[in-house]
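> Here it is: the structure, laid out below.
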C-alpha cells in the first residue's frame, strides 16, 4: 500500500485508506449532493417561514409539517454536507466532531420518524373521528407532542450513542474515518424502536384512514345519507389525508430501504446500492416541500409572498393565505 493512499501516511497500518472515488465520480458526487443540499435547505426554509409567519396556517396539521420541515432543513444543512465530506475526503475533524455529527444525524432521523407517526395519528383522528377532531387535536396538544417527539429523539440517541459520547473514537479501527460503534443489543433496540414499531403504527393507521376515506368518498358520490353529515370527514380533510398519504408513502419507500441496508450491514450489500439508498433518504427531505408545492395552493401563495418580500409589510402575517 502506497503512502499516498493513506489518510495519515505516518501512521501506516493505523491509518484508514483515502476514499477511492475517481476524480470524475468525486466531482459528480460533490455537484449532485451539493445541489440537492442547497435545494433541500432553501425549500424547507420556505416552509418554515410560511407556517411560522402566516397565522392562518397555524393549524395542528401544519405544526407537524413545520416540525418535519425543521428536520428536513437540518438534513440539508448538516447531514448532506457531512456526507459530501465523508464520500470524497478523509475525516480530519477529530473524534469529537465525528461523534457530534453522527449524534445530530441520529436525532434528525429519529425526529422524522416520530413526526410521521404523529402525522398518521392526526389524519386517523381527522378521518375516522371527525366529530371530536377539533377537541382532541388542538394546537397546544400538537405542540406538546412535537416537543416530546424531539425530546424522545434526543434522549434515545443519547442512550444509543452513550459509549461513543463518553469515549469518542474508542472503538474505531483506523484513523481518518468517521465511525460510531453499536453493540448488537443497541442495534436490536434501534431496529425495534425507530423502525419496526413506528413503521407498523404508520402503516396500520393509514390503512384504516384509507378504508374510511374510500367508503366516505363512495358515499358522497352516491349521495348516501346513512351516515350523518356531522360525523363525515370534510372534503378538505379527505384531500389533506390524500396529500399526507403521498408524503407518508414516499417516506416509507425511502426509509424502509435505508433501515434494511443499515441492519443488513454494508459488507452484505452492494456498495453502489447502499450509496443509492443513502441518497434516497436525503432526496426524501428535498421531495417533501415539493409535495407541498404540488398539492397545497397555500404554500405556492406563501412562497410568492416571501420571494417578493411582501411578508415584510405591516400586517402581512394576517393575510388570508388560504
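In UniProt numbering, the protein residues as written are 1 to 322.
For every residue, glycine included, the Cβ atom is placed at its ideal position computed from N, Cα and C.
1) My output table needs one value for residue 283: the three-state DSSP class, helix, strand or coil.
2) Would you call residue 351 buried or exposed, if buried means 16 or more other Cβ atoms sit within 10 Å of its Cβ?
3) Check whether the Cβ atoms of residue 57 and residue 288 sit closer than 8 Å, and answer yes or no.
4) In the DSSP output, which residue or residues are listed as bridge partners for residue 6?
5) Taking all protein chains shown into account, decide if residue 327 is buried (16 or more other Cβ within 10 angstroms of its Cβ) or exposed.
6) Whose C-alpha, out of 180, 214, 275, is nearest the C-alpha of residue 97?
7) Determine the contact status of residue 367 and residue 272, defining contact as a CB-CB distance below 8 Å.
8) If I follow the unbroken alpha helix (DSSP H) through residue 112, where does it start and stop?
9) Just tell me which of 208, 177, 184 has its CA closest to the CA of residue 161.
10) According to the neighbour-count rule (16 or more other Cβ atoms, all chains shown, within 10 Å of its Cβ), is residue 215 buried or exposed?
11) So, for residue 254: in the same chain, excluding its five sequence neighbours on each side, which residues have a beta-carbon less than 6 Å away from its beta-carbon?
12) Short of 6 Å in beta carbon distance, which residues of its chain neighbour residue 269, apart from the five on each side in sequence? Order them along the chain.
13) Tell me which same chain residues have a C-beta within less than 6 Å of the C-beta of residue 90, skipping the five on either side of it?
14) Could you spell out where the alpha helix (DSSP H) holding residue 185 opens and where it closes?
15) Of the residues 36, 71, 241, 106, which one's Cα is nearest the Cα of residue 84?
16) Please identify the residue among 201, 256, 314 whose C-alpha is closest to the C-alpha of residue 109.
17) Under 8 Å, with one C-beta from each stretch per pair, do the region 38-46 and the region 289-302 reach the 3-pair mark?
18) What number of angstroms, rounded off, separates the C-alpha of residue 314 from the C-alpha of residue 53?
19) From residue 202 to residue 247, what does the alpha carbon distance come to, in whole angstroms?
20) Could you please give the first and the last residue of the uninterrupted alpha helix (DSSP H) stretch that includes residue 67?
21) Evaluate residue 241 with the Cβ neighbour count: other Cβ atoms within 10 Å of its Cβ, from every protein chain shown; 16 or more gives buried, anything less gives exposed.
22) Ends of the alpha helix (DSSP H) at residue 92?
Taking the geometry as given:
1) As a first step, residue 283 is located in the chain shown; it is residue number 283 there, counting from the start. Correct three-state label for residue 283: helix.
2) Residue 351 lies beyond the range of the chain shown here (1 to 322); nothing can be said about it.
3) On the chain shown, position 57 is the one that residue 57 refers to. On the chain shown, position 288 is the one that residue 288 refers to. No.
4) Reading the chain shown from its first residue, position 6 is the one you call residue 6. Answer by DSSP bridge pairing, in chain order: 17.
5) One cannot answer for residue 327 here, as it falls past the ends of the chain, which runs 1 to 322.
6) Numbered from 1 along the chain shown, position 97 holds the residue referred to as residue 97. Measuring from the Cα of residue 97, the nearest candidate turns out to be 180.
7) Residue 367 lies beyond the stretch modelled for the chain, which goes from 1 to 322, so this question has no answer here.
8) What you label residue 112 is simply residue 112 of the chain shown in a count that begins at 1. Residues 95-128.
9) Indexing the chain shown from 1 puts residue 161 at position 161. Looking at the Cα atoms, 184 is the closest of the given residues.
10) Within the chain shown, numbered from 1, the residue matching residue 215 stands at position 215. So residue 215 counts as exposed.
11) Taking the chain shown and counting its residues from 1, one reaches residue 254 at position 254. Once the five neighbours on either side are set aside, the close Cβ partners of residue 254 are 280, 281, 284.
12) Residue 269 sits at position 269 when you count from the first residue of the chain shown. Around residue 269: 261.
13) One-based indexing of the chain shown puts residue 90 at position 90. Closer than 6 Å at the Cβ level, and outside the excluded window around residue 90, lie 7, 18, 176.
14) As a working mapping, residue 185 is identified with position 185 in the chain shown. Run containing residue 185: 184-191, per the alpha helix (DSSP H) assignment.
15) Numbered from 1 along the chain shown, position 84 holds the residue referred to as residue 84. Comparing Cα-Cα distances from residue 84 to each of 36, 71, 241, 106, the minimum goes to 36.
16) Within the chain shown, residue 109 is the residue found at index 109, counting from 1. Of the candidates 201, 256, 314, the one whose C-alpha sits nearest the C-alpha of residue 109 is 256.
17) The region 38-46 is in contact with the region 289-302.
18) For this step, residue 314 is matched to residue 314 along the chain shown. For this step, residue 53 is matched to residue 53 along the chain shown. Cα to Cα, the separation comes out at about 12 Å.
19) Locating residue 202 in the chain shown gives position 202, counting from the first residue. Locating residue 247 in the chain shown gives position 247, counting from the first residue. So the alpha carbons of these two residues sit roughly 12 Å apart.
20) Taking the chain shown and counting its residues from 1, one reaches residue 67 at position 67. For residue 67, the enclosing alpha helix (DSSP H) covers residues 60-74.
21) Position 241 of the chain shown, counted from the first residue, corresponds to residue 241. Flag for residue 241 reads buried.
22) Your numbering for residue 92 matches position 92 in the chain shown. Per DSSP, residue 92 belongs to no alpha helix (DSSP H) and is neither H nor E.
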